[in-house]
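Okay, so here's the structure we're looking at.
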Amino acid sequence: MPQDMPPVGGYGAVQYKRNLPAHGLFRPRNLILASAGLMVYGWYQLVVGVREMKYFYHFVLIVSKKPKRLMIFAQ
Numbered sequence: 249m250p251q252d253m254p255p256v257g258g259y260g261a262v263q264y265k266r267n268l269p270a271h272g273l274f275r276p277r278n279l280i281l282a283s284a285g286l287m288v289y290g291w292y293q294l295v296v297g298v299r300e301m302k303y304f305y306h307f308v309l310i311v312s313k314k315p316k317r318l319m320i321f322a323q
């Protein structure tokens, strides 16, 4: 069984340069800054959500224990 060989004259050149435009709105710098800004905003929202859940959890514990305390004082 013969082995496949490359075409006569070789393969065509491989385009390895980046295809991002160097001018306009979608410059690499702008894309990187926009990505970083979105990540910072996401982390900020995560931290705010974790803090809110922590305070909400403590609030729920206080509210759920409050009727039991009132029942003890009512007896």
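Numbering-wise, the sequence shown is residues 249 to 323 according to our numbering. Here a beta-carbon is modelled for each residue, glycine too, at the ideal position from N, C-alpha and C. The structure displayed is predicted, hence computed values, not measured ones.
Original post:
Near F307, what residues of its chain come up, given a Cβ to Cβ distance below 7 Å and the 5 sequence neighbours on each side ignored?
Top reply: Position 59 of the sequence shown, counting from 1, holds the residue named residue 307. Closer than 7 Å at the Cβ level, and outside the excluded window around F307, lies no residue.
Original post:
Between the C-alpha atoms of V256 and Q263, what's the straight-line distance to the nearest angstrom?
Top reply: Locating residue 256 in the sequence shown gives position 8, counting from the first residue. Locating residue 263 in the sequence shown gives position 15, counting from the first residue. For V256 and Q263, the distance between alpha carbons rounds to 20 Å.
Subject >> For L273, the three-state DSSP class (helix, strand or coil) >> reply: Counting from 1 along the sequence shown, the entry for residue 273 is found at position 25. If DSSP states are grouped into helix, strand and coil, L273 belongs with coil.
Original post:
In this structure, does DSSP put V311 in helix, strand or coil?
Top reply: Within the sequence shown, numbered from 1, the residue matching residue 311 stands at position 63. V311: helix per DSSP, three-state reduction.
Original post:
When you compare only the Cα positions, how much space is there between P254 and N278?
Top reply: Walking along the sequence shown from the start, residue 254 turns up at place 6. Walking along the sequence shown from the start, residue 278 turns up at place 30. Cα to Cα, the separation comes out at about 42 Å.
Original post:
For Q293, which three-state DSSP category applies?
Top reply: On the sequence shown, residue 293 is found 45 positions in, with the first residue counted as 1. If DSSP states are grouped into helix, strand and coil, Q293 belongs with the helices.
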